[in-house]
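Enquirer: After the structure tokens below, expect a handful of questions from me.
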Amino acid sequence: LPTKTEASDLMMALYGRHGESPMPVVAANSPSDCFSAVIEASRLALKYRTPVMLLTDGYLATGSEPWQLPDVSSLPDLSVDFTTRPNGTDAQGDPIFLPYLRDADTLARPWAVPGTAGLEHRLGGLEKENGSGNVSYDPNNHELMTQLREAKVNGIANDIPQATIDGTGTADILLVGWGSTLGSITSAVQILRDQGISVDQLHLNHLHPFASNLGDLLHGYSRILVPELNRGQLVKLLRAEFLVDATTLSKMEGLPFTGAEIVDAATALLEVTR
Numbered sequence: 006l007p008t009k010t011e012a013s014d015l016m017m018a019l020y021g022r023h024g025e026s027p028m029p030v031v032a033a034n035s036p037s038d039c040f041s042a043v044i045e046a047s048r049l050a051l052k053y054r055t056p057v058m059l060l061t062d063g064y065l066a067t068g069s070e071p072w073q074l075p076d077v078s079s080l081p082d083l084s085v086d087f088t089t090r091p092n093g094t095d096a097q098g099d100p101i102f103l104p105y106l107r108d109a110d111t112l113a114r115p116w117a118v119p120g121t122a123g124l125e126h127r128l129g130g131l132e133k134e135n136g137s138g139n140v141s142y143d144p145n146n147h148e149l150m151t152q153l154r155e156a157k158v159n160g161i162a163n164d165i166p167q168a169t170i171d172g173t174g175t176a177d178i179l180l181v182g183w184g185s186t187l188g189s190i191t192s193a194v195q196i197l198r199d200q201g202i203s204v205d206q207l208h209l210n211h212l213h214p215f216a217s218n219l220g221d222l223l224h225g226y227s228r229i230l231v232p233e234l235n236r237g238q239l240v241k242l243l244r245a246e247f248l249v250d251a252t253t254l255s256k257m258e259g260l261p262f263t264g265a266e267i268v269d270a271a272t273a274l275l276e277v278t279r
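What follows is the structure, encoded as structure tokens:
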């Protein structure tokens, strides 16, 4: 709906590219969190030399809240360490620049400022040879490069915060959300707790890769409800990745959830699964 809010582009953010081309996906959860989410997306993009998808929605774009500008010295260092000299040798032992010689820890490629003498190399959408960066049609090299790109993004799971539960960790039901549903879910959780219902909450900022401990947390609950402003895209991902029996609460009206809507869905799920 024009000018209205929804969160229906999650699958497109993860998979909407030619071929197997994974990239990190980060989602802001409030107007003030947009600042932190941009910083985090920039950190990952520069450290791992990869595009990063940052997701917001119309509700966040038109919302506002007071927040304190953090001390700039406390923010991550986003400076780039550009390569300035050759990093390899050719068959004759002469120095050359290998634009696809990856860092052993991050699998990131070196970046050279365009025009740097001696570091000329080819860019483009065709598959490249590992190391040299030359265009390659070799099947085995393509398999290797596909696996390297996937491993680089998957490895980011070890460089992002662990997922955390708001609650006891042993509640009767877990509410999982992402993006701008944070406020609505938090309101619903408070209402449910006031009614004496045992409920925990988990909100995700990193949607690809997921936090490394997410699966263990989800498997601690027999009932999981995921309110989403789409037709259950995160639920599909959680089921596929962690084999959990998560239930979707979908809303596609161009409006955010109300706390009462989530309370009713959680109560109904508890009733039918007792």
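Residues in the sequence shown are numbered from 6 upward in steps of one, following the working numbering. Heads up, the beta-carbon is just placed ideally off N, CA and C, and yes, glycines get one too. Computed from a predicted model, the values in this text were never measured in an experiment.
#1: Does LEU222 have its Cβ less than 8 Å from a Cβ in chain B?
#2: Hey, would you say LEU180 sits closer than 8 Å to ALA193, going by beta carbons?
#3: Say whether the region 235-252 touches the region 47-59, bearing in mind that this needs 3 or more beta-carbon pairs closer than 8 Å, one atom from each stretch.
#4: Tell me where the alpha helix (DSSP H) around GLY182 begins and ends.
#5: With C-beta atoms as the reference, is ARG154 less than 8 Å away from GLY138?
#6: Have a look at HIS211 and GLU134 and give me their C-alpha separation to the nearest angstrom.
#7: Do LEU80 and GLY93 come within 8 Å of each other at the CB atom, strictly closer than that value?
#8: When the distance is taken between beta carbons, is ILE190 closer than 8 Å to GLY182?
#9: Quickly, what does DSSP pair TYR105 with across the bridge? List them, please.
#10: Within 8 Å, do at least three Cβ pairs link the region 99-116 to the region 68-83?
#11: Suppose you measure from the CA of ALA46 to the CA of PHE40; what does that come to, to the nearest Å?
#12: Taking ARG114 as the reference, which of THR88, THR8, THR121 has the closest Cα?
#13: Give the straight-line distance between the Cα atoms of ALA18 and LEU59, rounded to the nearest whole angstrom.
#14: Among TYR20, THR61, THR263, VAL240, which has the Cα closest to the Cα of ALA12?
#15: For HIS213, count the other beta carbons within 10 Å of its own beta carbon; 16 or more makes it buried, fewer makes it exposed. Which is it?
#16: What separation, rounded to the nearest whole angstrom, lies between the Cα atoms of THR186 and PHE262?
#17: Using only the alpha-carbon positions, how far apart do ILE165 and THR121 sit?
Expert: For this structure:
#1: Looking for chain B here will not work: only one protein chain is present.
#2: Cβ distance < 8 Å, so LEU180 and ALA193 count as in contact.
#3: no
#4: Per DSSP, GLY182 belongs to no alpha helix (DSSP H); it is in the beta strand (DSSP E), 178-183.
#5: no
#6: The straight-line gap from Cα to Cα measures roughly 31 Å.
#7: no
#8: yes
#9: GLY136
#10: Here the region 68-83 does not lie against the region 99-116, with fewer than 3 beta-carbon pairs under 8 Å apart.
#11: 10 Å
#12: THR88
#13: Approximately 9 Å, taken between the alpha carbons.
#14: ALA12 has its Cα closest to that of THR61, out of TYR20, THR61, THR263, VAL240.
#15: buried
#16: In a straight line, the C-alpha of THR186 is about 7 Å away from that of PHE262.
#17: Roughly 33 Å separates the two Cα atoms.
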